[in-house]
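Residue numbers (the working numbering): 6 to 208.
Listed below in structure tokens is the structure:
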């Protein structure tokens, strides 16, 4: 038998085994409900991944709420696109800039509480299929918002509703309540080489 034939047979056997494993796992996943996803870590791409999920949900015509904590007054590409093209997405930004810009803890806490007052009703409304809380882990880490209230709202949201949280850290308690936790690890970053943030990539 030719070497190519042997390789093809070996590959086919391996793929058949892999398919059987995948099919078995799919069959076991019988629970139908929304999921809670945390995108964390020190690497770039957490918010970008969250907005990828938003685009996926839009493809199914779902109703979406997006709330951005931390993000500043400068319009981002995703905000400009959503406001112009996606009326089914409710979009809210805290709009105070980064905490190192404001340097005012009391003002930051007030802004965080105003922003949470916007997102909390979304987590009670079954008409929302997806709610994204971008950079909310900072609100927990800096103790701007009560972690127990956030966790309680996530646990008690409508059963079909999915939520996506992003940001570095967040702590073990918020990770425990999530169904999926993915960590983005930084290997290399253009900014550290002196390259400016790029519209369409970073902004």
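Quick reminder that beta carbons are idealized off the backbone N, C-alpha and C, glycines included.
- By the neighbour-count criterion, in which a residue is buried when 16 or more other Cβ atoms sit within 10 angstroms of its Cβ, residue 70 is buried.
- Distance from the CA of residue 166 to the CA of residue 131, rounded to the nearest whole angstrom, comes to 7 Å.
- Excluding five sequence positions before and after residue 163, the CB atoms of its chain that fall closer than 6 Å to its own CB belong to 131, given in chain order.
- With contacts defined as CB atoms closer than 8 Å, residue 117 and residue 144 qualify as a contacting pair.
- The three-state reading of DSSP puts residue 70 in strand, counting E and B together.
- Setting aside the 5 residues that flank it on each side, residue 54 is surrounded in the same chain by 44, 171, 187, 189, each with a C-beta closer than 8 Å to its C-beta; the list follows chain order.
- In this structure residue 40 is exposed. Its beta-carbon is surrounded by fewer than 16 other beta-carbon atoms within 10 angstroms.
- Secondary structure note for residue 164: it is in no alpha helix (DSSP H), with a DSSP letter that is neither H nor E.
- When secondary structure is reduced to three states using DSSP, residue 187 falls in the strand class.
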